[in-house]
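**Q** Per my numbering, the very first residue in the sequence shown carries number 188; after that it's consecutive. Beta carbons: idealized from backbone N, C-alpha and C, even for Gly. The structure is given below, and queries will be raised subsequently.
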Amino acid sequence: MALDFYTNPMSRGQIVRWMLEESGLPYEEKIVAYGPEMKGENYRQINPMGKVPAIVHEGRIVTECAAICVYLAEMAQEADLAPHPDERADYYRWIFFAAGPVEAAVTTRAMGFSPQPDQEVMAGFGNYDLTMSVLEGALSGRDYLCGARFTAADVYVGSQVDWGLTFGTIPSRPAFDTYAARLRDRPAYKRAKARDQALIEAQNQAQGPQN
Numbered sequence: 188m189a190l191d192f193y194t195n196p197m198s199r200g201q202i203v204r205w206m207l208e209e210s211g212l213p214y215e216e217k218i219v220a221y222g223p224e225m226k227g228e229n230y231r232q233i234n235p236m237g238k239v240p241a242i243v244h245e246g247r248i249v250t251e252c253a254a255i256c257v258y259l260a261e262m263a264q265e266a267d268l269a270p271h272p273d274e275r276a277d278y279y280r281w282i283f284f285a286a287g288p289v290e291a292a293v294t295t296r297a298m299g300f301s302p303q304p305d306q307e308v309m310a311g312f313g314n315y316d317l318t319m320s321v322l323e324g325a326l327s328g329r330d331y332l333c334g335a336r337f338t339a340a341d342v343y344v345g346s347q348v349d350w351g352l353t354f355g356t357i358p359s360r361p362a363f364d365t366y367a368a369r370l371r372d373r374p375a376y377k378r379a380k381a382r383d384q385a386l387i388e389a390q391n392q393a394q395g396p397q398n
């Protein structure tokens with residue numbers, strides 16, 4: 188099975204690498220540099236947006252982290268990361284909640300602006316505090332988003348929680364902290380992070396000391 192993984196270690200490609208490690212599918216990594224390479228004509232044939240990550244699986248292109256995670260879960264049936272019938276509602280609900288309201292709430296806050304009260308309906312996610320409270324509720328009283336079992340939803344949503352706690356874009360709350368700790372203990376998570384960290388260190392060394 189031919190599966191090419193286009194990424195940069197300092198990107199959301201870390202989400203997809205973790206998913207690939209969980210899936211057990213063999214893949215070939217292709218590091219894409221920011222700047223002319225990522226925005227150039229060659230890579231835009233893979234992703235016209237000129238951003239990573241992306242995968243090409245047997246000639247089929249998939250972009251967007253949430254879509255890639257769902258796709259890989261379906262391809263890697265032996266890994267049992269796709270939802271069972273009774274898990275589908277929570278699985279799809281929380282993946283797309285993270286891709287929509289959570290992403291929007293965190294991004295707008297990080298950029299220094301928030302919807303005014305009369306704009307909250309149009310914004311879709313309401314406001315940051317509401318979004319965080321709903322996400323907290325989804326994780327309270329359960330080990331994973333679909334209940335007791337880890338799925339691809341935990342890779343995608345868990346990556347946002349993990350990243351947010353690390354960089355302060357998601358508040359430290361018991362439900363978030365214990366969930367992130369549980370995910371960080373997974374062998375596939377550790378392998379993925381180790382590989383991306385090694386790539387980051389290699390890039391830093393290649394750039395040399397900064398004045």
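Within a Cβ cutoff of 6 Å, which residues of the same chain sit near Leu259, ignoring the five residues on either side of it in sequence?
**A** Here residue 259 corresponds to residue number 72 of the sequence shown, with the count starting at 1. Closer than 6 Å at the Cβ level, and outside the excluded window around Leu259, lie Met206, Ser210.
**Q** For Glu386 versus Ala362, is the C-beta distance shorter than 9 Å?
**A** On the sequence shown, residue 386 is found 199 positions in, with the first residue counted as 1. On the sequence shown, residue 362 is found 175 positions in, with the first residue counted as 1. The sequence given here places Leu at residue 386; Glu does not occur at that position. Cβ atoms of Leu386 and Ala362: not closer than 9 Å.
**Q** Going by alpha carbons, who is nearest to Ile242 out of Asn314, Asp383, Thr194, Asp316?
**A** For this step, residue 242 is matched to residue 55 along the sequence shown. Comparing Cα-Cα distances from Ile242 to each of Asn314, Asp383, Thr194, Asp316, the minimum goes to Thr194.
**Q** Could you say if the region 344-351 and the region 258-278 meet the contact criterion of at least three C-beta pairs nearer than 8 Å?
**A** Touching, no, given that fewer than three Cβ pairs across the two stretches are closer than 8 Å.
**Q** Would you give the residue range spanned by the beta strand (DSSP E) that Ile248 belongs to?
**A** By one-based count along the sequence shown, residue 248 stands at place 61. Its beta strand (DSSP E) spans residues 247-250.
**Q** Judging by CA-CA distance, which residue of Asp341, Gly222, Arg296, Pro358 is the nearest neighbour of Ser320?
**A** The residue you call residue 320 lines up with position 133 of the sequence shown. Checking every option, the nearest Cα to that of Ser320 belongs to Pro358.
**Q** Which class does Gly351 belong to by DSSP, given the choice of helix, strand or coil?
**A** Mapped onto the sequence shown, residue 351 falls at position 164. Helix at Gly351.
**Q** At a cut of 8 Å, does the region 311-318 reach the region 278-297 through at least three beta carbon pairs?
**A** Counting Cβ pairs under 8 Å, three or more are found: they touch.
**Q** Given a threshold of 16 other Cβ atoms within 10 Å of its Cβ, counted over all protein chains shown, does Met339 qualify as buried or as exposed?
**A** Against the sequence shown, residue 339 aligns to sequence position 152. Sequence inspection shows Ala at residue 339; the Met mentioned does not correspond to that position. With 16 or more Cβ atoms within 10 Å of its Cβ, Ala339 is classed as buried.
**Q** Give the single residue among Asn234, Glu265, Gly246 whose Cα lies nearest to the Cα of Cys252.
**A** Taking the sequence shown and counting its residues from 1, the one referred to as residue 252 is at position 65. Of Asn234, Glu265, Gly246, the residue nearest in Cα terms is Asn234.
**Q** Please go through the region 305-358 and give each complete alpha helix (DSSP H) segment of 4 or more residues, from N-terminal end onward.
**A** Counting whole runs of 4 or more residues, the region 305-358 contains the alpha helix (DSSP H) stretches 307-310, 315-326, 339-354.
**Q** Please report the straight-line C-alpha distance between Ala379 and Asn391, rounded to a whole angstrom.
**A** Here the question's residue 379 lines up with position 192 in the sequence shown. Here the question's residue 391 lines up with position 204 in the sequence shown. Ala379 and Asn391: Cα-Cα distance of roughly 19 Å.
**Q** Alpha helix (DSSP H) containing Asp277: first to last residue?
**A** Looking up residue 277 in the sequence shown gives position 90. Element bounds for Asp277: 275-284.
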